[in-house]
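The sequence shown runs 728 to 798 under my numbering.
Built from N, CA and C at the ideal position, the CB exists for glycine as well.
Read through the structure below, which is laid out as structure tokens, and then see the notes.
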Amino acid sequence: MHAIIQSTPAWHLRASITPIRGDQHHLMVTSFVPTARRPQEHVRWQAQLSADELRCLRDVIDQALSQKKSA
């Protein structure tokens with residue numbers, strides 16, 4: 728599963744989550760500059776997380792978004 732988070736003609740930021748085993752998942756955030764001399768994807772951040780840790784990350788993002796709406 729992956730999603731492009733941010734995209735312009737000169738920049739793409741993508742997040743992907745891949746199941747590994749059991750409840751473990753590999754979360755990776757990559758960037759891509761298509762106009763670079765040698766375009767290639769670069770890993771900006773990655774981690775192996777459990778399903779509970781991914782839910783916690785989702786909850787933090789949801790809380791930040793709901794605070795922004797009510798402000």
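When Cβ pairs closer than 8 angstroms are counted between the two stretches, the stretch 757-772 is seen not to touch the stretch 783-791, the count staying below three. For the 8 angstroms CB-CB criterion, H739 and I747 do not form a contact.
The shortest CA-to-CA distance from Q775 to any of Q733, S734, I744 and H729 is the one to I744. Taking C-alpha positions only, R764 is separated from P736 by approximately 15 angstroms. Boundaries of the beta strand (DSSP E) harbouring A742: W738 to R748, taken from the DSSP string.
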